[in-house]
Amino acid sequence: MLNKKAIIYINNNEITLTLLETKNNLYYNIIDVFSDNVLLINDIEEHGIIRPVLIKQLMKILKMYRRICDNASITDVFMISKSSLNNAKNIKSITEEIYNTCGFSLNILSQEDELKNTFIGAVNSSSVQKGYYFYVGETSCYFIQYNRRNILNYNIIPFGINNALKILEENESIESKIAEIREVFTSYFNDINFIDLIDEETEVLTSGQTMLALGKIARLVTKYPLNLENNYVLTSDAFNKVFSLIENVGVDKTKKIKGISSESVDKIFAGTILAKMFIENLKINHVTISSETMLEGYISTTVVPEICNKPLSEMFVYSLENINAFFSNINSNNSKVYELSINVFKQLKVIHKLPRNYIKPLRIAGYLYDCGKRINYDNFIRNCFDVVLNSKIYGVSQKDILLASFSCILQDLDNFNLSDWIKYSSIVSEEDADAVKKVGVLIKLASALDASKSGAVDDLSCDILGDSIIVKTIVNKDADFEIKEAMKVNKSFKKVFTKFIEVI
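Have a look at this one:
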């Protein structure tokens, strides 16, 4: 069942309206986002209240959001804000006015709710299922020890970007200001009593606007070939290069780093200093950045709570199912091809000799084998590359997604272009090149085994006889068409596996 929902989120000085489609109370798709700036927090910090002129501006925006929701036939609207809104002495009367004028019930989250939703948004999308998580915020920082979605311990450090900015505005040298920030931050960090031994095996996850900006700059500085945010691994060496670069730009609230962030340079610098404090205190050599925010966490815990009923280990498959729920071609049989791809991979293990680290690329490519048809049927296999690369896939590395993209287009081996491959040489290896060709052919075979999209082939078994492989199909109805189409894969199969197949 398809429903429409909306979330209005007051995030300090910005208000956003996010429109969602939800399906079966489990899957969701963001269909539109509107945002406006209203300096609410600035007003609260300066006057202790939200003044009438800003209340009027706020109400004008919310009335427009009400019309947008009504025009889209959305009746299920969630309105939330950060806990900092509670600092306004007149927040109760404003909340009542919002409800009486627009019909929205404002839910001001506690700081613990903010922490939980921010963390859930990050961990749901990540391949890091156990370890530590940190978040650099405007008024505070979070530090969490976790296992899967379970928060084992947490600490809210009452020192954030705004606190660091005040120190940076002092009339001192940059070195002394950074030293002061380090001293204050470390005093709070040293009070955390649940940090176990950190070693090379310890995984650290992070998220937030500051870390996304740092990741983007790092990818530019290191000439990283993928422009992907989620699950980007930021090494300490790359971070140090970025820190030096930002430090040289200086503290300037009038400047912005074009194409990187909407935040001014001074805010990015302040956030970077705090990130540096985490990395130095934890003595880690890399951190994984999640692109998801508190909003995605709130969707998962409150708007579509069935998501969090799924184990974290299943979020990878869930993200593929979520894509399928909204973007799959009506005539697609991708779920069946996904199933057959895994089966073929297992049955032919003796032949392909691929290690387990290629299973996730195979599963992605199997599930999205025909996703290029979303753009255009003509050359749909080639179209698959960009579609897979830019799909929202949780719980896998960026390398897994890249290998899946190549595997998809290599359903036709003629699509292999060495210059395209070399472009990603800092991520992939020669062994990977051989693997994606094999995976591409296996997916082509799997799709052929359900060519009529009737689910005729239930299972298969393989016998190896010298230079030939006998693939015996176990069927529930006539599968002559599937067998005929599978035999067409023979040329490609022989090219990468040096053996012929006989499908019966």
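Sequential numbering of the sequence shown, starting at 185, is according to this note's numbering.
Positions of the beta carbon are idealized from the N, C-alpha and C atoms, including for glycine.
Nothing here was measured: the structure is a model prediction, and the numbers come from that model.
Go ahead and pull the three-state DSSP assignment for lysine 447.
Per the sequence shown, the amino acid found at residue 447 is glutamate instead of lysine. The answer is coil: DSSP assigns glutamate 447 none of H, G, I, E or B.
Quick one: what does DSSP say glycine 550 is sitting in, helix, strand or coil?
The answer is helix: DSSP assigns glycine 550 an H, G or I state.
For chain C, find out if any of its Cβ atoms is closer than 9 Å to the Cβ of isoleucine 292; answer yes or no.
The chain labelled as chain C is not found in the depicted structure, where only one protein chain is given.
Near aspartate 651, what residues of its chain come up, given a Cβ to Cβ distance below 7 Å and the 5 sequence neighbours on each side ignored?
Within the same chain, aspartate 651 has close Cβ partners Lys683 and Phe684.
Would you report the Cα separation of serine 322 and asparagine 517, rounded to the nearest angstrom?
Residue identity check: residue 322 is glutamate in the sequence provided, not serine. Roughly 47 Å between the two C-alpha positions.
How about arginine 547 and serine 581: are their beta carbons less than 9 Å apart?
Contact flag unset, no.
For the region 268 to 351, which segments carrying the beta strand (DSSP E) assignment without a break, of at least 3 residues, lie completely within its bounds, in sequence order?
Those beta strand (DSSP E) runs which fall completely within the region 268 to 351 and span 3+ residues are 290 to 292, 314 to 320, 325 to 331 and 334 to 341.
Taking all protein chains shown into account, decide if lysine 679 is buried (16 or more other Cβ within 10 angstroms of its Cβ) or exposed.
The residue is exposed, with fewer than 16 neighbouring Cβ atoms inside 10 Å.
To the nearest angstrom, how far is it from the Cα of methionine 461 to the Cα of asparagine 208?
Rounded to the nearest angstrom, the two C-alpha atoms are 43 Å apart.
By DSSP, does serine 265 sit in helix, in strand, or in coil?
Correct three-state label for serine 265: strand.
For a quick check, are the C-beta atoms of methionine 478 and tyrosine 578 less than 9 Å apart?
No; because the gap between Cβ atoms is not below 9 Å, this pair is not in contact.
Taking three-plus beta-carbon pairs below 8 Å as touching, is the region 364 to 376 in contact with the region 305 to 320?
The region 364 to 376 is not in contact with the region 305 to 320.
Which class does aspartate 596 belong to by DSSP, given the choice of helix, strand or coil?
Note: aspartate 596 maps to coil in three-state DSSP.
Taking Cβ to Cβ, would you say isoleucine 483 is nearer than 9 Å to tyrosine 212?
Cβ atoms of isoleucine 483 and tyrosine 212: closer than 9 Å.
Determine whether the beta carbon atoms of lysine 266 and asparagine 195 lie at a separation below 9 Å.
In this structure, asparagine 195 lies closer than 9 Å to lysine 266 by Cβ.
Please tell me whether leucine 573 and leucine 412 are closer than 9 Å, where the distance is taken between their beta carbons.
Yes.
Excluding the 5 residues preceding and the 5 following serine 749 in the sequence, name in chain order all residues of the same chain whose CB lies nearer than 8 Å to its CB.
The displayed coordinates of the chain run from 185 to 688. Any statement about residue 749 would go beyond what the structure contains.
Report the residue from Leu246, Phe529, Ile258 and Ser636 whose alpha carbon sits nearest the alpha carbon of isoleucine 264.
For isoleucine 264, the nearest C-alpha among the options comes from Leu246.
Can we say the region 563 to 570 touches the region 608 to 618, given the rule of at least three CB pairs closer than 8 Å?
Taking 8 Å as the limit for Cβ pairs, the verdict is that the region 608 to 618 does not touch the region 563 to 570.
Name the two residues that bound the continuous beta strand (DSSP E) containing aspartate 216.
From DSSP, the beta strand (DSSP E) with aspartate 216 extends over 211 to 221.
State the Cα-Cα distance for the pair aspartate 254 and leucine 204, rounded to the nearest angstrom.
Rounded to whole angstroms, aspartate 254 to leucine 204 spans 14 Å at the Cα level.
Check this for me: beta carbons of phenylalanine 303 and isoleucine 341, under 9 Å apart or not?
It is not a contact, given that the beta carbons lie outside the stated cut-off.
Quick one: using the 10 Å Cβ neighbour count with 16 as the cut-off for buried, is leucine 587 buried or exposed?
By the neighbour-count rule (16 or more Cβ atoms within 10 Å), leucine 587 is buried.
Do isoleucine 258 and lysine 189 count as a contact pair if the criterion is CB distance below 9 Å?
Contact flag set, yes.
Ordered along the chain, which non-local residues of its own chain (more than five positions away) have a Cβ less than 8 Å from that of valine 433?
Here the set comprises Lys439, Ile441, Val449 and Phe453.
Which residue from Tyr338, Ile191 and Glu359 puts its Cα closest to that of aspartate 375?
Answer by Cα proximity: Tyr338.
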